[in-house]
Amino acid sequence: MTRPLVWLLACACPVIAWAYSTSSGQAQVSDRARTLHQETLVFDAHVHVVDRQFYHGGDMGQRVEDGQFDLPRAKEGGLDAMFFSLFVTEQYYPARLETKQVLRLIDAAYDQLSKNKDKIELAFTASDVERISKTGKIAAFMDLEGGFDLDGDPAVLRMLYRLGLRSFQLPAHNWANNFADSCCAAAKWHGLNDRGRAVIREANRLGMVINISHGSDETISQAIDVSADPILATHHGLRSFNDIPRTMPDGLLKKLAAKGGVIGFQIGNEFHNVKVFNWRTAHAGKPFWDTTDIGRKEAGMTIEELDKLAGPQFPMVGIAAPDDLKFTPYEWLGVVDRAIELVGEDHVMLGSDFDGGPTLPRGMRDIRDLPMLTEAMLKRGWSEPRIRKFLGGNLLRVVRQVTEKQK
Ligand SMILES: [Zn+2]
Numbered sequence: 075m076t077r078p079l080v081w082l083l084a085c086a087c088p089v090i091a092w093a094y095s096t097s098s099g100q101a102q103v104s105d106r107a108r109t110l111h112q113e114t115l116v117f118d119a120h121v122h123v124v125d126r127q128f129y130h131g132g133d134m135g136q137r138v139e140d141g142q143f144d145l146p147r148a149k150e151g152g153l154d155a156m157f158f159s160l161f162v163t164e165q166y167y168p169a170r171l172e173t174k175q176v177l178r179l180i181d182a183a184y185d186q187l188s189k190n191k192d193k194i195e196l197a198f199t200a201s202d203v204e205r206i207s208k209t210g211k212i213a214a215f216m217d218l219e220g221g222f223d224l225d226g227d228p229a230v231l232r233m234l235y236r237l238g239l240r241s242f243q244l245p246a247h248n249w250a251n252n253f254a255d256s257c258c259a260a261a262k263w264h265g266l267n268d269r270g271r272a273v274i275r276e277a278n279r280l281g282m283v284i285n286i287s288h289g290s291d292e293t294i295s296q297a298i299d300v301s302a303d304p305i306l307a308t309h310h311g312l313r314s315f316n317d318i319p320r321t322m323p324d325g326l327l328k329k330l331a332a333k334g335g336v337i338g339f340q341i342g343n344e345f346h347n348v349k350v351f352n353w354r355t356a357h358a359g360k361p362f363w364d365t366t367d368i369g370r371k372e373a374g375m376t377i378e379e380l381d382k383l384a385g386p387q388f389p390m391v392g393i394a395a396p397d398d399l400k401f402t403p404y405e406w407l408g409v410v411d412r413a414i415e416l417v418g419e420d421h422v423m424l425g426s427d428f429d430g431g432p433t434l435p436r437g438m439r440d441i442r443d444l445p446m447l448t449e450a451m452l453k454r455g456w457s458e459p460r461i462r463k464f465l466g467g468n469l470l471r472v473v474r475q476v477t478e479k480q481k
């Protein structure tokens, strides 16, 4: 998740909008790329869902004009399955209302799923993902973004499993929680403490996927050591492209891959593209992960007051950075190619973060334009098997390994 700054350049001029739709919209996608994309299992490791409906009402099955995601647009973009990520914002933590908030979001998720039974279905295993996507529906693999909500308690993890969660992000968002340090706040535990190790072991026993995006380098390294299963970094970047704490150094990526893990590439610019990152930081006066100003008045607030505070940031859609600073889809894939050079094609995947704030590559409007990535992969000379691995095969492999092992 990144934070919204759309208002900064809300005057996006019509000329630029026209250029998008004519020079770099869907017309750029060849028949070969479109067919390959449609025939491939597209399984995205990180999509922000439900927050929008929770705060503002509405139905994810209906097309809307703003934001980056709804089910009709996802279908148009060839999406077959996704980590259906529920996100509790930092605002709820100082008041200790985070576990209640995740229950409210799960309730909202079930409401959306039941309203859209013809379009989307909950998946608990890799086989479910395959079965559901073959029916033409989107498979939703329910995931928790923000380890705060667990309170470091394996009992809470077990109950979330019983409610249908099959994946969770170990670190909190951009703060430390009571068992794992985050990328973007002062180290509290120097990685994990005993509670963190216990939560990982319980996830391994239950068959839940562990995601370490938003972790500090120490947290990521220790989680890889402790977990018996491969670990995912669902929405991430490489430090060799942008030296910020939300990205992964080469050595850590090699360690993740050596245990079968996979890194997901956030589809925005700010993780990978220093020019857009610097532009955004200059305009906001702070980097996108800096949420230290949250928490002063929140400690004494009711959950309804917190809803009013948290709601306006959704949906999160990145910034209107100047177009010439942005990576094209081809350039964006250069980051993935660098990871492939380091660890091979079995350890990379898509982790878009749609509606979580990415400033999309040049010419991409929203999830509808995912086929532009497939077009760019062909232009980079990727083989069809490599394209299939990146778009979903590698993620499916890890989900199968974790959710379908013999207990
Ligand atoms: Zn995130």
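The opening residue of the sequence shown carries number 75 in my numbering; numbering runs sequentially from there. Every residue, glycine too, gets a C-beta built ideally from N, C-alpha and C.
Simplified DSSP assignment, three categories, for His264: coil
Leu452 vs Arg147 beta-carbon contact at 9 angstroms: no
Neighbourhood of Leu326 by C-beta distance below 7 angstroms, restricted to the same chain and skipping five residues each side: Asp291, Ile294, Ser295
In DSSP terms, what Leu243 is bridged to: Reading off the sequence, residue 243 comes out as Gln, not Leu. Answer is Asn285, bridged to Gln243.
Which of helix, strand or coil DSSP assigns to Leu465: helix
Cβ neighbour criterion (16 or more within 10 Å) applied to Thr506: What the structure shows of the chain is the stretch from 75 to 481, and residue 506 is not part of that stretch, so it cannot be assessed.
Buried or exposed by the 16-neighbour rule on C-beta atoms within 10 Å, applied to His346: buried
C-alpha gap between Arg271 and Val473, whole angstroms: 21 angstroms
DSSP three-state assignment for Leu237, whether helix, strand or coil: coil
Helix, strand or coil at Glu219 [DSSP, three-state]: strand
8 angstroms contact criterion, which Asn343 and Phe401 should meet: CB distance rounded: 6 angstroms
Proximal residues to Ala259 (C-beta, below 8 angstroms), its chain only, five neighbours per side dropped: Asn248, Trp249, Ala250, Thr366
DSSP-derived helix/strand/coil call for Ser104: coil
Near ligand 1: Phe345 beta-carbon under 8 angstroms from a heavy atom: no
Host alpha helix (DSSP H) of Val203 (start-end): 200-208
Strand pairing of His122, partner residues [DSSP]: Ser159
Proximity to Met216 [Cα-Cα], best of Gly226, Val203, Arg462: Val203
Ligand 1 heavy atom lying under 8 angstroms from the CB of Glu150: no
Rounded C-alpha distance that separates Ile368 from Gly430: 18 angstroms
Selected residue, minimal CA-CA separation from Val124, among His264, Pro435, Pro389, Ile274: Pro389
Heavy atom of ligand 1 within 8 angstroms of Ser188 beta-carbon: no
Rounded separation between Arg236 and Phe128 - CA only: 22 angstroms
Rounded straight-line distance, which links the Cα of Leu383 to that of Arg412: 40 angstroms
CB-CB length for Gly335 against Thr321, believed under 8 angstroms: Contact flag wrong, Cβ pair sits at about 16 angstroms.
Option in Pro323, Tyr166, Leu160 with minimal Cα separation from Ile377: Tyr166
Per DSSP, cross-strand counterpart(s) of Ser256: Gly289
Segment contact flag, the region 459-474 with the region 427-441, C-beta cutoff 8 angstroms, min 3 pairs: no
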